[in-house]
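Student: For the record, the sequence lines run as chains A and B.
The first sequence begins at 1 in our numbering and counts up one residue at a time.
The second sequence begins at 1001 in our numbering and counts up one residue at a time.
Glycine included, C-beta positions come from ideal geometry on N, C-alpha and C.
On a predicted model such as this, the values are computed, not experimentally measured, just so you know.
I have a structure I would like to understand better, so I am pasting it below and will then ask my questions one at a time.
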Amino acid sequence: MREAFRQSMAWFHTWVGLVVGWLLFFTFLTGTLGYVTYEIDRWMKPEKPLVSAPLSSKDLLPLAIARLSAQGDQAKSWSIRFPGSRVRDELQVVWRAVAKEGETFGKFTLETLDPVTGAPVENAAVRKTGGGRLLYRMHYRLHYMPTLTAIVIVGICSMFMLMAIISGIIIHKKIFKDFFTFRPRKGQRSWLDGHNVLSVTALPFHLMITYSGLVFIMFTLMPLGPRIIYGEENRDLFFEEVFEREGRELMPAAQTAPIMPMFVEAEKYWGEGNISRINIDNPGRANAKVTFYPHQGTTIVRSGLEFNGVTGVVSEKDEKKISLQTYEVLTDLHEGVFAGPWLRLLYIVSGLGGTAMIATGLLLWSTKRKAKLAKSGITHFGIAVVDRLNLGTIVGLPIAIAAYFWANRLIATDFDGRQDWEAHAMFITWAALFIYPAWRPLERAWAEMMCLAAAAYLLLPVVNFLTTDRHLGVTLVHGDWVLAGFDLSALFVGGCFAMVGLKAYKKLAAKVFSDGKKPLTKKGDGPVVSPSL
Amino acid sequence: MILLSFIFTFIGSTALCLAMARHHRQIWNRAADKQTAWQLRFVGCSLLIVSVAVCMWALGGPIGLVVWLGLFTGCTLLLIFLLPYAAERISRKI
């Protein structure tokens, strides 16, 4: 009974993993890049100034207030966002109008202000780009399709991911005994060891990221419960209650207390220069509320210091409902909003670990089957197709992402629709890389595409040098570690691909030598070259 | 502080790893005797506990715990993928 259960789980794990693996590889890789969205964003906007000492938020506050006050008193909320953290290098103000009939939210306006004059600035000089943000959004919104469809597709795949993780734990007989076991250069054995190690060591991360990802979109994936209890027409009420939002009725007008004294008090609380954002809800009304958020907090959930907007006194915060707290902890864990640079690095390591786990799992599927078939000498069309899809995904996607960066530098800045073409460049490249291996012997295609990936990343800083003045020679000297870090990371990634690619070529050459002829002229036979192992 | 915790986690997981017969054999060509194995286990567990404590003390409970889980993942990945290659070098020398 027990063995039968385990066997059925093994079947489930194998086939579910295969079916959703390619999409999940995309989700994991682009999602991992999401941990450095803002850094990528800055690299993709080379017209922005180099890093400089942040301006004092205290000096910027009056400019922001003046600009917001000029918008009249019809706002539902204001927000002032200060520069000086990784997410922002400019002063921004946001105001949301009162929601009109039939709207869930009122109109949202965001402006960047000049730090000296306080006038809104048009960033005409900065090239139009999807930036890191588009790349990050792809991990749940995909591309070329309506958001809702994409979320449902990614959501269903994530559910299967969660099931694959759990079934994987069940079929792994010796989690502790094999915890430290990795045996290189043993073909299929090594792939299985690698897959296990990547899965088990980062298991907390895999479970957390998959589960919290589902929590993010649970209202889309499971819409029926609230609809039955609240009815079709009261959906807004449901969300107001869940997220403890205020209703839409307006309170009578009342003078809002000056913000500056509150700012001084908040800075004492969060530390000097640590105010990142001020939210002012219901400005000019009796229920006005002013909340100060720090750049770097001390808890997982973003928490702010709240003031009563009319009296200007710190107000006791109501404890949030436990359900909302749980939701916020999970979603904030997913995004790593609280992460400093070191934790961010660890998030990336774990994310890449997850990506590699999916890749090794996909490769295992075909290595296993080919090992079986090799004995009988049959080749199988299905396996050949999976092999090519694996190659197109595992090596093709990183190259496609490099193409996205190349396009950012190579498409003329005044080209109409350049923003869209950056993404087109990425997907055209990717499509080409799916087609390419169909005409090549598999092992050769692995080696070639690895080298192509190496070239794509190693040359990225060179392209950057030729097209902008934000290259390593400038950024390193200036000490702009975000921009320099991007180029250095590209070199590192390219270096890794180069090592694996050269190894694969050596292996090919050794094989040609021992066989006395070119190996693998038929599609789909022979084991996959084992890169990196 | 994170660096300190990283070092503790790395040494701790290495000790736990070497307490296992298979990995002890990789380096010394024989399994650890019972006493050594228990000593290694004790050292490993205590270092891991200390590293969690350091993290949580330095960064606050919840964030410290998240950071430590990340550190543990990073350390064990590093250890596991280096171990077979390091073992070859070391056992050649011994």
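Can you tell me where the beta strand (DSSP E) with residue 109(A) in it begins and where it stops?
Tutor: Note, residue 109(A): beta strand (DSSP E), 108 to 113.
Student: Check the Cβ-Cβ distances between residue 209(A) and every residue of chain B, and say whether any is below 8 Å.
Tutor: No - not a single Cβ of chain B is within 8 Å of the one on residue 209(A).
Student: In this structure, does DSSP put residue 457(A) in helix, strand or coil?
Tutor: Residue 457(A): helix per DSSP, three-state reduction.
Student: Exposed or buried, what is residue 524(A) when buried is set at 16 or more other beta-carbons lying within 10 Å of its beta-carbon?
Tutor: Low confidence applies here, because residue 524(A) scores a pLDDT of 39, under 50, leaving its location unreliable; read the following figure in that light. With 16 or more Cβ atoms within 10 Å of its Cβ, residue 524(A) is classed as buried.
Student: So residue 92(A) is in the beta strand (DSSP E); what residue range does that whole segment cover?
Tutor: Where residue 92(A) is concerned, the enclosing beta strand (DSSP E) stretches over 91 to 97.
Student: Identify the contact partners of residue 359(A) in chain B, using a Cβ-Cβ distance below 8 Å as the criterion.
Tutor: What residue 359(A) touches in chain B: nothing, since even the nearest Cβ is about 15 Å away.
Student: Please determine, among 191(A), 229(A), 199(A) and 163(A), the residue with the shortest C-alpha to C-alpha distance to residue 175(A).
Tutor: The shortest Cα separation from residue 175(A) among 191(A), 229(A), 199(A) and 163(A) belongs to 199(A).
Student: Restricting to runs no shorter than 3 residues, where is the beta strand (DSSP E) found entirely within the region 288 to 368 of chain A?
Tutor: Segments of the beta strand (DSSP E) lying fully in the region 288 to 368 of chain A: 289 to 294 and 305 to 308.
Student: So, residue 195(A) versus residue 304(A), is the Cβ gap smaller than 8 Å?
Tutor: No, these two residues do not count as a Cβ contact at 8 Å.
Student: Sort out for me which residues DSSP pairs residue 281(A) with in a bridge.
Tutor: Partner(s): 77(A) and 289(A).
Student: In angstroms with no decimal places, state the Cα-to-Cα distance between residue 1061(B) and residue 331(A).
Tutor: So the alpha carbons of these two residues sit roughly 18 Å apart.
Student: At which residue ranges does the region 415 to 467 of chain A contain complete alpha helix (DSSP H) runs of 4 or more residues, listed in the order of the chain?
Tutor: Runs of the alpha helix (DSSP H) inside the region 415 to 467 of chain A: 418 to 435, 442 to 458 and 460 to 467.
Student: Do you know offhand how far residue 55(A)'s Cα is from residue 83(A)'s?
Tutor: Distance between the alpha carbons of residue 55(A) and residue 83(A): 7 Å.
Student: Which word fits residue 36(A), buried or exposed, when buried means at least 16 other C-beta atoms lie within 10 angstroms of its C-beta?
Tutor: Buried is the call here.
Student: Out of 405(A), 240(A), 88(A) and 234(A), which one is the CA nearest neighbour of residue 420(A)?
Tutor: The shortest C-alpha separation from residue 420(A) is found at 405(A).
Student: Please name the residues in the region 1067 to 1081 of chain B whose beta-carbon is closer than 8 Å to at least one beta-carbon of chain A, in chain order.
Tutor: For the region 1067 to 1081 of chain B, which is checked against every Cβ of chain A, the residues closer than 8 Å are 1067, 1069, 1070, 1071, 1072, 1073, 1074, 1076, 1077, 1079, 1080 and 1081.
Student: Using a Cβ-Cβ cutoff of less than 6 Å, which residues in the same chain neighbour residue 467(A) once the five nearest sequence positions on both sides are dropped?
Tutor: Excluding positions up to five away in sequence, the list reads 409.
Student: Beta carbon of residue 542(A), beta carbon of residue 1002(B): below 8 Å?
Tutor: This structure does not reach residue 542(A), given that chain A is present from 1 up to 533, and the question cannot be answered.
Student: Please state the DSSP three-state secondary structure of residue 589(A).
Tutor: This structure leaves residue 589(A) out entirely; chain A is present only between 1 and 533.
Student: Let me make sure I understand the geometry here. Which of 117(A), 100(A) and 95(A) has the alpha-carbon closest to that of residue 111(A)?
Tutor: The residue with the shortest Cα to Cα distance from residue 111(A) is 95(A).
Student: Does residue 85(A) come out as helix, strand or coil in the three-state DSSP assignment?
Tutor: Three-state DSSP puts residue 85(A) in a strand.
Student: Within this structure, are the beta carbons of residue 276(A) and residue 213(A) separated by less than 8 Å?
Tutor: Not a contact, by the Cβ cut-off of 8 Å.
Student: Within this structure, are the beta carbons of residue 437(A) and residue 431(A) separated by less than 8 Å?
Tutor: No; because the gap between Cβ atoms is not below 8 Å, this pair is not in contact.
Student: Based on the DSSP output, what are the partners of residue 120(A) in its beta bridges?
Tutor: According to DSSP, which records beta bridges pairwise, residue 120(A) is partnered with 113(A).
Student: One question on the structure: do residue 61(A) and residue 263(A) come within less than 8 Å of each other, judged by their Cβ atoms?
Tutor: Yes, Cβ-Cβ distance for residue 61(A) and residue 263(A) is below 8 Å.
Student: Cβ of residue 151(A) within 8 Å of Cβ of residue 220(A)?
Tutor: In contact: residue 151(A) and residue 220(A) (Cβ atoms closer than 8 Å).
Student: Would you mind working out which of 266(A), 79(A), 313(A) and 41(A) sits nearest residue 257(A), comparing C-alpha positions?
Tutor: Ranking 266(A), 79(A), 313(A) and 41(A) by Cα distance to residue 257(A) puts 313(A) first.
Student: Kindly indicate if chain A contains any beta-carbon less than 8 Å away from that of residue 1060(B).
Tutor: By this cut-off, residue 1060(B) is an interface position.
Student: Less than 6 Å between C-beta atoms, sequence neighbours within five positions excluded: which residues of the same chain meet that for residue 417(A)?
Tutor: So the list is empty, once near-sequence residues are dropped.
Student: Please list, in chain order, all residues of the same chain as residue 1005(B) whose beta carbon is under 7 Å from its beta carbon, the five residues on each side excluded.
Tutor: If we look at residue 1005(B) and ignore the five residues flanking it on each side, its Cβ neighbours are 1051, 1054, 1055, 1068 and 1071.
Student: Find the nearest neighbour of residue 494(A) within the set 15(A), 461(A), 435(A) and 440(A), judged by alpha-carbon distance.
Tutor: The option with the nearest alpha carbon to residue 494(A) is 461(A).
Student: Any C-beta of chain A sitting closer than 8 Å to the C-beta of residue 1040(B)?
Tutor: Not an interface residue.
Student: Are any of the Cβ atoms in chain B nearer than 8 Å to that of residue 521(A)?
Tutor: Reliability of the predicted coordinates at residue 521(A) is poor, the pLDDT of 38 falling under 50, and no value is obtained from them.
Student: Would you list the residues sitting across from residue 257(A) in a DSSP beta bridge?
Tutor: Looking at the DSSP assignment, residue 257(A) forms no beta bridge with any residue, so it has no partner.
Student: Less than 6 Å between C-beta atoms, sequence neighbours within five positions excluded: which residues of the same chain meet that for residue 470(A)?
Tutor: For residue 470(A), where only same-chain residues beyond five positions count, the Cβ hits under 6 Å are 46 and 483.
Student: Might you give, ordered along the chain, the residues of its own chain that have their beta carbon closer than 7 Å to the beta carbon of residue 179(A), omitting 5 neighbours on each side?
Tutor: Once the five neighbours on either side are set aside, the close Cβ partners of residue 179(A) are 200.
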